[in-house]
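Participant:
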Amino acid sequence: MLQFNLECVIIDLLNLFFNQNISLLQRGVTVKSKNTISYRKLWHILIDKGMKKKDLAEAANLTHYQMTKLANNKDITTDILGRICNVLDCNADDVIEFIKE
Numbered sequence: 020m021l022q023f024n025l026e027c028v029i030i031d032l033l034n035l036f037f038n039q040n041i042s043l044l045q046r047g048v049t050v051k052s053k054n055t056i057s058y059r060k061l062w063h064i065l066i067d068k069g070m071k072k073k074d075l076a077e078a079a080n081l082t083h084y085q086m087t088k089l090a091n092n093k094d095i096t097t098d099i100l101g102r103i104c105n106v107l108d109c110n111a112d113d114v115i116e117f118i119k120e
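Written out as structure tokens, the structure reads:
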């Protein structure tokens with residue numbers, strides 16, 4: 020039980036770190052973001068590598084829904100971010116940035 024609670028706290032902290040407007044794991048608490056996420060750096064990397072969005076989607080096994088979230092600067096999971104970074108051989112801060120409002 021303690022292990023599960025610790026995992027919930029870690030996941031909650033990750034969600035807070037990425038400043039998403041998401042519900043925290045079955046608690047009904049919504050985090051209001053003061054930052055906007057931008058994947059502009061990701062699109063620049065794709066251009067530099069001569070890749071299309073379709074190439075990234077196939078290489079990182081991303082769904083159309085996940086690509087739409089990226090295109091609209093919406094939240095994504097750390098798993099998706101990790102897959103993108105593995106494909107592009109980069110770090111998370113190379114593809115995502117937070118813009119203060």
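Here my numbering runs 19 ahead of the position in the sequence shown, where the first position is 1.
Ideal placement from N, C-alpha and C gives every residue a C-beta, glycine not left out.
It should be emphasised that the depicted structure is a prediction, and the values quoted were computed from it without experimental measurement.
(1) In the DSSP assignment, the beta strand (DSSP E) including Glu-116 goes from what residue to what residue?
(2) Return helix, strand or coil for Arg-59, following the three-state DSSP convention.
(3) Fully enclosed by the stretch 58 to 92, which alpha helix (DSSP H) runs are 4 residues long or longer?
(4) What is the C-beta distance between Leu-107 and Leu-89, in whole angstroms, given that I count them as a contact (C-beta under 8 angstroms)?
(5) Asn-110 and Ile-56 look like a contact to me (Cβ under 8 angstroms); what is the Cβ gap, rounded to whole Å?
(6) Could you pull out every residue in the same chain whose Cβ sits closer than 6 angstroms to the Cβ of Thr-82, ignoring the five residues on either side in sequence?
(7) Can you tell which of Ile-118, Thr-87, Phe-117 and Ile-99 has the C-alpha that lies nearest to the C-alpha of Ala-78?
(8) Go ahead and pull the three-state DSSP assignment for Asp-113.
(9) Would you decide whether Ile-118 is buried or exposed? Buried here means 16 or more other CB atoms lie within 10 Å of its CB.
Facilitator: According to the data block:
(1) Numbered from its first residue, the sequence shown carries residue 116 at position 97. 116 to 119 is the extent of the beta strand (DSSP E) around Glu-116.
(2) The residue given as residue 59 occupies position 40 in the sequence shown. DSSP places Arg-59 in helix when its eight states are reduced to three.
(3) 59 to 68, 72 to 78 and 83 to 90
(4) Looking up residue 107 in the sequence shown gives position 88. Looking up residue 89 in the sequence shown gives position 70. Contact flag wrong, Cβ pair sits at about 13 angstroms.
(5) Locating residue 110 in the sequence shown gives position 91, where the first residue counts as 1. Locating residue 56 in the sequence shown gives position 37, where the first residue counts as 1. 16 angstroms between Cβ atoms; not a contact.
(6) Here residue 82 is taken as the residue at index 63 of the sequence shown, counted from 1. There are no such residues.
(7) Sequence index remark: in the sequence shown, residue 78 carries index 59 (1-based). Nearest C-alpha to Ala-78: Ile-99.
(8) On the sequence shown, residue 113 is found 94 positions in, with the first residue counted as 1. Note: Asp-113 maps to helix in three-state DSSP.
(9) Sequence index remark: in the sequence shown, residue 118 carries index 99 (1-based). The residue is exposed, with fewer than 16 neighbouring Cβ atoms inside 10 Å.
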